[in-house]
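See structure below.
Protein chains in written order, with the working numbering: chain A, 92 to 410; chain B, 92 to 410.
Structure, rendered in structure tokens:
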């Protein structure tokens, strides 16, 4: 089994690599090779890994990465929401043209590998029904969400044409994210848990009533692996799936923090309302009915308490 | 008022031009100039029209067309469904890259004109609820539908960012199309009316039970004009609208033909089932609940009889 991961040096890319190395198999076959590509150098997790510092948007790069053709490709490379909003050109180039460069290279190469594309619930934009059903239309309110929507549409059509065998998974907000905040507007959802656990202050820029949908990094990785394994015949032509999440309010996140970490943690969260962030977040989805993904065997976190415990086990202890 | 029409030499482009010249005003202001652009030369309908033979996909073309900036742009240029399916590259280049070239040129030019983009109900793909609501997701089953979906997504985001003021209108199948058949798979929906009216034979490749949604060219042009006039504040962020159509079965089309043209017309329709066409058509939408468009003042044809009569008045008499 030969695997290629784009965006491999990012948080999820590293965790996916580590998990694949630890499990050692995909689709019931031993993994013999993992190619890691990113625009920056990342850590190498094992002898089966080869890192490539390369930009998918540059001519010929995608074609080279498919020699020889991997059997499963995880396309994680992308610019996050805050950056895509601040730098329109960069978002368009990386999130749309980068995906298209990979998809076109696959079109002209031999073989039809599975391509797992990490999309986002940012493809949805308010107003919403509650919960949002699987057949609700995509009306993103950010350039990031628009770019993910476009890549999803291309993935579905390229798959229909048999150029590759794609599955797009719309990840909920990933929390608790380890490490320093990234450029995502959603960063505070992780910050209000991560910083108090470390004994440092956190800023909460929105009201405690804000409801949002979360998945732990651990579960997001399991979603990717499951999407890599899944029989795509079960998907039919609808190749893009909303992943289940734990839907909680910020207040409920903080209650879970208190249960897991004790009563002192909450005092480290300073409420400092930011109207710009509040405005953006008000356009985000709160709760989904992800029947298709659940029927297809994607298994969510069971509670926000579990999400915090996963962070402590996977990231906090090893800091 | 300065208007630009892309795809101006096509059937709808010509009718739109003629209608604008006849009405002489848009947004309650006299039209002083109409620029017509297409890759082939089209007829000039009046002294206010200037024709440009140019390809939007070529570097710099869109930028030149915006000097000076038009106040309303009708972006009709595109490759039709059959051609986009047969020639994947051409569809991607014309329908996606061409739209993006125009949108990017608008982004870097002064002013925020209204852009009316003609999308299609091909953005939808089976299975469907009946009727299909305005918030149903887009899961196109053709490359044409995918390309229209991508252009819609970009139009909405570019409008949100204030690069221009866009409205996408998803046209039902246009019937009765005048003139010779084009490369659209849907061509027979017009052929079974147009050919018998002219006393020549027509081929029906699908069953009479097939239901589909239609608009006359006359009504499609009125939709474009209304989209050009509409206050976009009423749309909010959801810039793409499904246009109302007359939902009838092929059998009901033929009954309407008999009512309008007499009992002899039907005998000219030869049923010759084509499994490939039947398969494609089975993935197409049948009936929509287009509440948003109706609330926004788009006025559909009242019956398929009216659609046939519009063809006779507008096209048959003047052949």
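Heads up, the beta-carbon is just placed ideally off N, CA and C, and yes, glycines get one too.
Keep in mind it's a predicted model, so treat the numbers as computed, not measured.
Using a Cβ-Cβ distance cut-off of 8 Å, the region 290-310 of chain A and the region 357-372 of chain A are in contact, since at least three pairs of beta carbons, one from each stretch, lie closer than that value. The beta carbon of residue 216/A falls within 8 Å of a beta carbon belonging to chain B, placing the residue at that interface.
Taken through DSSP and simplified to helix, strand or coil, residue 143/A comes out as strand.
Between residue 112/B and residue 137/B, the beta carbon gap of about 4 Å places them in contact (Cβ cut-off 8 Å).
Residue pairing by DSSP places residue 350/A in no beta bridge whatsoever. Taking CB atoms only, residue 237/B has a neighbour in chain A less than 8 Å away. Residue range 308-320 is occupied by the alpha helix (DSSP H) that includes residue 310/A. When DSSP states are grouped into helix, strand and coil, residue 97/B belongs to the strand group. Taking the beta carbon of residue 247/A as reference, the chain B residues within 8 Å of it are 230, 231, 237, listed in sequence order. When secondary structure is reduced to three states using DSSP, residue 295/B falls in the strand class.
In this chain, the alpha helix (DSSP H) harbouring residue 282/B covers 278-288.
One finds 227, 228 in chain A with Cβ atoms closer than 7 Å to the Cβ of residue 226/B, taken in chain order. Our two residues, residue 349/A and residue 171/A, have alpha carbons roughly 30 Å apart in a direct line. At a Cβ-Cβ threshold of 8 Å, residue 117/B and residue 320/B count as neighbours. Residues of chain B whose Cβ lies closer than 8 Å to the Cβ of residue 334/A do not exist, since the nearest Cβ in that chain is about 16 Å away.
Residue 328/B has a beta carbon lying within less than 8 Å of a beta carbon in chain A. Within the same chain, and ignoring the five residues on either side of residue 144/B in sequence, the residues whose Cβ sits closer than 6 Å to its Cβ are 132. Chain-ordered listing is empty here: chain B has no CB closer than 8 Å to the CB of residue 200/A, the nearest sitting near 16 Å.
Judged by DSSP in its simplified three-state form, residue 397/A adopts helix.
In the assembly as shown, residue 271/B is an exposed residue. Its beta-carbon has fewer than 16 other beta-carbons within 10 Å. Annotated three-state conformation of residue 325/A is helix, per DSSP.
Looking from the CA of residue 255/B, the closest CA among 395/B, 268/B, 273/B, 160/B belongs to 160/B. Counting other Cβ atoms within 10 Å of its Cβ, residue 149/B stays below 16 and is therefore classed as exposed. Annotation: residue 325/B has no Cβ neighbours in chain A at a cutoff of 7 Å; minimum Cβ distance is about 15 Å. For residue 261/A, the closest Cβ of chain B is not nearer than 8 Å. Taken atom to atom, the span from the alpha-carbon of residue 265/A to that of residue 105/A is near 14 Å. Around residue 244/B, the beta-carbon contacts reaching into chain A at under 7 Å are 237, 240, 241. If you draw a straight line from the Cα of residue 398/B to the Cα of residue 203/B, it comes to about 35 Å. Look at residue 251/B: its C-beta is under 8 Å from a C-beta on chain A. C-alpha of residue 184/A to C-alpha of residue 392/B: approximately 42 Å in a straight line. For residue 373/A, the uninterrupted alpha helix (DSSP H) run begins and ends at 366-373, by DSSP. The Cβ atoms of residue 267/B and residue 368/B do not sit closer than 8 Å to each other. For residue 386/B and residue 404/B, the gap between their C-alpha atoms comes out near 28 Å. Taking a cut-off of 8 Å for Cβ pairs, the region 374-381 of chain A and the region 214-222 of chain A touch, as three or more such pairs fall below it. Assignment of residue 199/B by DSSP, reduced to helix, strand and coil, places it in the helix class. Nearest in C-alpha terms to residue 211/B, of all of 197/B, 262/B, 249/B, is 262/B.
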